[in-house]
Structures are given as structure tokens and as C-alpha cells.
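Going letter by letter, the sequence shown gives residues 1189 to 1504 in the working numbering. Below is one structure; the comments refer to it alone.
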Amino acid sequence: MMDWTDRHCRHLHRLMSRRALLYTEMVTSAAVLHGDRDRLLGFGKAEQPVALQLGGSDPSELAQAVKVAGGYGYDEINLNVGCPSDRVQSGCFGAVLMRQPQLVADCVAAMIAESPVEVTVKCRIGVDDQEPREALPAFLEAVLDAGIRRVTIHARKAWLDGLSPKENRDIPPLDYDLVHEMKRAYPALHLSINGGIATLDEVITHLDAGLDGVMIGRAAYHTPADILLDADRRVFGGQNPYRSAEEVVLAMLPYIEAHLAADGRLHQITRHMLGLFAHRPGARGWKRVLSEGAHRDGAGTALVEHALSEVTARAA
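Listed below in C-alpha cells is the structure:
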């Protein structure tokens, strides 16, 4: 979710669900140690619960990054062993590490030793020519032995040789059955599933079948109201914070005003709001107004209210 789940996106999503665990963009351990830490790691307390997603393959460097991150108050620290991007492969982290389960085990053991909160792993079912029914259990055994108790599995193999990162999100076939088999094989492991899940109905199906959690990426970003507005009621048995995407937009206005007052730009927030009214009358007008106007100098909450009128007028 690099370039997607920044703090503005997380603030928006948190308005729709008080209970869903939100993840940061993936941050490399080297960036944490040598970059602008407040920019990379800072977040608003209203976003919690939030998990920090780290990338790296050096146990010592990851341990140092976890120690630094510990002061920011994250609820979980996650090691990404699933991302197939070219940048990730060149840095020897992400999905390429599925080939080196013992190295991953060394990494998470070092992270656990320095972390004030739970360390978790996100992985694939395998990469390239690996046989998932052999590679995945071996990987899980290694990280379990290192102290990991929560794993999220993206139910696709990653083809690092021959497919682009975008193609790796769609072309390799999904194997949900294998993930469910892993839950039965390791019943004490808190296991979540990821990959291609686009509706709350699908979420409930996986949970009812025995999985402990469901991670949603693209659908939660592109159609956030469809996924998140009713999640607290249907998934967690609680009350939803807001009843409609219109209410969420109005609740975002004070946050937008504060961001603009701090010399921020409107499009930095509204780019994450474009899919709020997906599949609804007026959605095209909502997106058009924001896409055309949010980059302009002086654009502010009046533009957001104008975009919202494109929806409310169609609903009247």
C-alpha cells in the first residue's frame, strides 16, 4: 500500500470504523534509521489501532528500527514478506524473502526482542517455482519457532521473474483453501487472509469458516464506504460511527481545515476520498470536482462541499 495508506487515508478510514486495524505504508528499516523519522513514523492518535509495516532483511537493522518505532505508540509492528515490487526485490526484502525462511525467523526474533508490542508477519503462499503446499508450512514453522503468533497470508504466489507488481496482484491464482488448511494445521496461530477480497460478505464467509481475520487492501481503498461503513456492526458486533459516506465527508472537514492551516494542500487528503461514493449516483461528479480542483491554489473545504453537492443533488 505504498503511496496509499498515509496518515490522511488512515484518518478517513478510522472515521468509518473504530475497530478495524489500519496499516501504514511499508517503511524500510534503513529509512527509519536514516530518514525523517517523524515524517515516516508519526501518526495521529485518532488513527489507532495502527500497525507499522516494516520492510528489511537485516536482523540487526530491523531490531534498531523497531526500537526507534517503539516510542511512537504503534499497536503492532508487521514485517512485510509479501510485497513483490522491483524496489523491494532489489533491496532483498518483501516477497523474495519467502525463499529464506530462516533469515525471516532471525529477523523477527531480533524484532521481538526490541518491540514493546506484538510483532507479526505478512507473507505470500510462495514465490516463483516454489510449491506452496511445501514452502508455506516450512515458512510458518520457521517464524512460529522464532516467536511469531500472528500471520497474514496473501493467498497468491508471487512471480518475481516475469510479472510486474501490478500483475502480481491479479494474475497468479488465489488459493484460499490452502490458507484455510494452514489454520487447521496450526490452530493456535492467529491467521488472517488477504488477496482479492472485495466485500463484507466475503469477509464474513472467511471468518465463519474459522479464520481469525481478513485483510483488505485495494477494495478498502477504492470503495472504502462499501467495506468500512458497516464493518463495526457486522464484523465486531458493535455500532457504526457514521451511517453514510455523506456524514463521513462532513466529519472530515475540520481535519481538512487543520491540514490547510498547517500549509498542507487539499489534494493530499482528497485523493484518498475519491472512491467514497463508488457505484452511487453522483459519484462521477464528486470525483470530477475534486480531481479538477483540489490541486489549485486556495482550494479548501468549499470545494469539498461543492463536490458533495454533486451527490446529494442526485439523491434528492
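For glycine and all other residues, C-beta sits at the position ideal for the given N, C-alpha and C.
Which one of the options has the shortest CA to CA distance from residue i?
{"i": "H1467", "options": "I1415, T1411, G1243", "result": "T1411"}
{"i": "H1506", "options": "K1345, R1484, D1418, M1461", "result": "Nothing about residue 1506 can be reported from this structure: the residues present for the chain run from 1189 to 1504 only."}
{"i": "A1373", "options": "I1392, D1349, L1332", "result": "L1332"}
{"i": "G1486", "options": "N1266, L1496, H1455", "result": "H1455"}
{"i": "Q1241", "options": "G1473, R1484, T1308, R1312", "result": "T1308"}
{"i": "G1258", "options": "A1408, L1221, A1283, M1440", "result": "L1221"}
{"i": "P1325", "options": "Q1290, A1419, E1235", "result": "Q1290"}
{"i": "K1255", "options": "N1268, C1271, A1218", "result": "A1218"}
{"i": "C1295", "options": "D1317, E1306, L1267, Y1364", "result": "L1267"}
{"i": "R1453", "options": "L1496, R1472, R1484, V1284", "result": "R1484"}
{"i": "R1502", "options": "G1488, A1482, G1481, R1472", "result": "R1472"}
{"i": "H1394", "options": "I1404, R1406, I1381, G1405", "result": "I1381"}
{"i": "R1225", "options": "R1207, R1206, Y1260, L1250", "result": "Y1260"}
{"i": "L1366", "options": "L1448, L1379, R1321", "result": "R1321"}
{"i": "L1377", "options": "L1478, A1330, Y1262", "result": "A1330"}
{"i": "Y1364", "options": "V1402, R1338, R1337", "result": "V1402"}
{"i": "V1477", "options": "P1469, A1495, G1425", "result": "A1495"}
{"i": "S1497", "options": "R1459, D1389, A1433", "result": "A1433"}
{"i": "G1488", "options": "K1475, L1448, H1368, L1379", "result": "L1448"}
{"i": "T1193", "options": "G1470, G1405, V1269, G1425", "result": "G1405"}
Drop a sphere of 10 angstroms on the beta-carbon of residue i, count the other beta-carbons inside from all chains shown, and report buried for 16 or more, exposed for fewer.
{"i": "P1546", "result": "Residue coverage of the chain in this structure runs from 1189 to 1504, which leaves residue 1546 outside it and unanswerable."}
{"i": "P1360", "result": "buried"}
{"i": "T1340", "result": "buried"}
{"i": "I1392", "result": "exposed"}
{"i": "L1490", "result": "Reading off the sequence, residue 1490 comes out as Ala, not Leu. By the 10 Å Cβ count, A1490 comes out exposed."}
{"i": "Q1252", "result": "buried"}
{"i": "T1387", "result": "exposed"}
{"i": "S1245", "result": "buried"}
{"i": "R1195", "result": "buried"}
{"i": "P1304", "result": "exposed"}
{"i": "P1237", "result": "exposed"}
{"i": "G1463", "result": "buried"}
{"i": "G1481", "result": "buried"}
{"i": "A1450", "result": "exposed"}
{"i": "R1202", "result": "buried"}
So what's residue i in DSSP terms, helix, strand or just coil?
{"i": "G1243", "result": "strand"}
{"i": "T1308", "result": "strand"}
{"i": "T1393", "result": "helix"}
{"i": "M1286", "result": "helix"}
{"i": "G1258", "result": "helix"}
{"i": "L1478", "result": "helix"}
{"i": "R1344", "result": "strand"}
{"i": "E1249", "result": "helix"}
{"i": "Y1409", "result": "helix"}
{"i": "M1403", "result": "strand"}
{"i": "I1444", "result": "helix"}
{"i": "H1378", "result": "strand"}
{"i": "E1319", "result": "coil"}
{"i": "R1227", "result": "helix"}
{"i": "V1423", "result": "coil"}
{"i": "R1337", "result": "coil"}
Could you check how far apart the C-beta atoms of residue i and residue j are, in whole angstroms? I think they sit under 8 Å.
{"i": "G1384", "j": "L1362", "result": "5 Å"}
{"i": "M1370", "j": "A1323", "result": "The Cβ separation is near 12 Å, so there is no contact."}
{"i": "M1190", "j": "A1413", "result": "About 23 Å; that fails the 8 Å criterion."}
{"i": "V1492", "j": "V1437", "result": "7 Å"}
{"i": "V1499", "j": "F1465", "result": "5 Å"}
{"i": "S1248", "j": "A1298", "result": "7 Å"}
{"i": "E1264", "j": "E1319", "result": "That belief does not hold up - the Cβ atoms of E1264 and E1319 are roughly 30 Å apart, past 8 Å."}
{"i": "G1243", "j": "C1271", "result": "7 Å"}
{"i": "A1346", "j": "A1283", "result": "4 Å"}
{"i": "D1349", "j": "D1396", "result": "Between D1396 and D1349 the Cβ distance is about 37 Å, and since that is not below 8 Å, they are no contact."}
{"i": "L1210", "j": "E1235", "result": "6 Å"}
{"i": "I1313", "j": "A1343", "result": "6 Å"}
At least one CB of chain B closer than 7 Å to the CB of residue i: is that the case?
{"i": "E1493", "result": "Reference to chain B is not applicable here, since this structure consists of a single protein chain."}
Beta carbon of residue i: closer than 6 Å to some heavy atom of the ligand COA?
{"i": "A1219", "result": "With respect to the ligand COA, the structure offers nothing, as it holds no ligand at all."}
Does the segment 1208-1219 come within contact of the segment 1426-1435, defined as at least 3 CB pairs closer than 8 Å? With a cut-off of 8 Å, the segment 1426-1435 and the segment 1208-1219 do not count as touching, because too few Cβ pairs lie within range.
Is the segment 1442-1451 touching the segment 1217-1230, taking contact as three or more C-beta pairs under 8 Å? No contact exists between the segment 1442-1451 and the segment 1217-1230.
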